[in-house]
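Participant: This is the structure, below, for whatever I ask next.
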Amino acid sequence: MDIEKAYDHVNWDFLTSVLERMGFGERWIDWIRFCISSSSFAVLVNGSPTDFFVPFRGLRQGDPLSPLLLLLVMEVLTRMIEAASSEGLLSGFTVGRSGSGLSSIKVSHLLFADDTIVFCDDDCEQILNLRCVLIWCQAISG
Numbered sequence: 001m002d003i004e005k006a007y008d009h010v011n012w013d014f015l016t017s018v019l020e021r022m023g024f025g026e027r028w029i030d031w032i033r034f035c036i037s038s039s040s041f042a043v044l045v046n047g048s049p050t051d052f053f054v055p056f057r058g059l060r061q062g063d064p065l066s067p068l069l070l071l072l073v074m075e076v077l078t079r080m081i082e083a084a085s086s087e088g089l090l091s092g093f094t095v096g097r098s099g100s101g102l103s104s105i106k107v108s109h110l111l112f113a114d115d116t117i118v119f120c121d122d123d124c125e126q127i128l129n130l131r132c133v134l135i136w137c138q139a140i141s142g
């Protein structure tokens with residue numbers, strides 16, 4: 001999956017809620033809130049700049065803080081996929097052999113920037129379960 005325009009769709013209230021749930025202090029959260037909400041933009045229309053406007057969501061691309069903040073938001077999706085996998089709703093795959101004295105690892109998904117690979121069987125039920133996870137994630141983060 002390519003999380004289309006992920007930086008543009010991060011809900012600031014959701015981000016601060018995630019920071020609170022992860023145990024970040026109030027001062028840190030206030031700093032983050034200031035960093036993401038203190039920008040304003042103007043665009044060129046037929047070569048002429050418009051008035052400045054203030055966004056109400058999204059992270060600034062190119063800001064060194066933005067990838068970290070997006071990663072914290074994506075942690076919610078990660079935990080939802082892991083929960084679905086541990087309940088048997090998504091299969092993932094196993095790496096390693098548990099019988100040879102080595103521990104095996106179950107891989108349910110991989111993340112890279114705003115791209116996500118989810119591993120499941122080609123079973124309609126698992127695809128439906130994945131769809132439900134994505135819909136729930138969108139609902140709580142929107």
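Numbering (the working numbering), first residue to last: 1 to 142. A virtual CB, placed ideally from N, CA and C, is assigned to each residue, including glycine.
For the segment 115-129 against the segment 62-71, are there 3 or more C-beta pairs whose distance is under 8 Å?
Facilitator: No, the segment 115-129 is not in contact with the segment 62-71.
Participant: Step through the CB atoms of chain D and report whether any lies within less than 9 Å of the CB of residue 26.
Facilitator: In the displayed structure, chain D is absent; only one protein chain is listed.
Participant: What residue range is occupied by the uninterrupted beta strand (DSSP E) comprising residue 93?
Facilitator: To locate residue 93, count along the sequence shown from 1; it is residue 93. Element bounds for residue 93: 93-95.
Participant: May I have the straight-line CA-CA distance separating residue 23 from residue 17, to the nearest angstrom?
Facilitator: Your numbering for residue 23 matches position 23 in the sequence shown. Your numbering for residue 17 matches position 17 in the sequence shown. Spanning the two alpha carbons is a distance of roughly 10 Å.
Participant: Rounding to the nearest angstrom, what Cα-Cα distance links residue 51 and residue 123 in this structure?
Facilitator: Sequence index remark: in the sequence shown, residue 51 carries index 51 (1-based). Sequence index remark: in the sequence shown, residue 123 carries index 123 (1-based). If I take the Cα positions, the gap works out to 51 Å.
Participant: Can you tell me the Cα-Cα spacing of residue 126 and residue 132, whole angstroms?
Facilitator: Here residue 126 refers to the residue found at position 126 of the sequence shown. Here residue 132 refers to the residue found at position 132 of the sequence shown. So the alpha carbons of these two residues sit roughly 10 Å apart.
Participant: Where residue 130 and residue 71 are concerned, what is the direct C-alpha to C-alpha distance, given to the nearest angstrom?
Facilitator: Counted from its first residue, the sequence shown places residue 130 at position 130. Counted from its first residue, the sequence shown places residue 71 at position 71. Residue 130 and residue 71: Cα-Cα distance of roughly 20 Å.
Participant: DSSP three-state call for residue 2: helix, strand or coil?
Facilitator: Counting from one through the sequence shown, the residue named residue 2 turns up at place 2. Correct three-state label for residue 2: strand.
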